[in-house]
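Remarks on the structure that follows.
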Amino acid sequence: MTGDLLHLIRDAEKKAENIINEATLEAQKIIDKARSEAKEILKQAGTTKSDVETDQLKKIHENYQAKIKELEAQTKNRKKELEEQASKNKEKAIDIVIRAILEE
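Be aware that the sequence shown starts at 1241, since it is given in our numbering, and climbs by one per residue.
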C-alpha cells in the first residue's frame, strides 16, 4: 500500500510539473506573438510621416508593452498557484503515506 501511495505522489508531482510547463509555454507563445505584432507595428511606424499616426502607433506599442507585462505577471501568478497546488498535493500524499505506515 505504501508503494502505491508513493507512486501516486510521484504521479501527482509529475502532472503538476507538466501543467506548469504547459502554462509557461502557452504564456510564452502569447508573449512572443504580442512582441511580434508590436515589432510589425513599429516597422510600419517607420514608413509613416504623420504625427497623428506616429502618436497612435506609440500608444499601440505602449498598450502591447502593457499587455506583455500583464501576461508575464499572469504567467508568474499561474505558475505560483500551480506550484502551491502541487506542494499541497504532495503534502496530502505524504500525510496519507505516513498514516498508512502508522496504521500498519
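We put the CB at the ideal spot given by N, CA and C, even for glycine.
For Ile1260 and Thr1294, the rounded distance between their alpha carbons: 39 Å
Cβ-based burial, Leu1322 [other Cβ within 10 Å; buried from 16]: buried
Sufficient close CB pairs (3 or more, under 8 Å) joining the region 1301-1312 to the region 1245-1265: no
Touch test, the region 1268-1276 against the region 1306-1317, Cβ-Cβ under 8 Å, three pairs minimum: yes
Pair within 8 Å by beta-carbon distance, Ile1281 and Ala1333: no
Test item: CB-CB of Ala1313 and Ala1256 under 8 Å: no
6 Å CB neighbourhood of Thr1315 in its chain, flanking five on each side removed: Ala1267
Inter-residue spacing [alpha-carbon to alpha-carbon] between Lys1292 and Asn1258: The amino acid occupying residue 1292 in the given sequence is Val; Lys does not appear at that position. Each residue's Cα considered, the two are about 47 Å apart.
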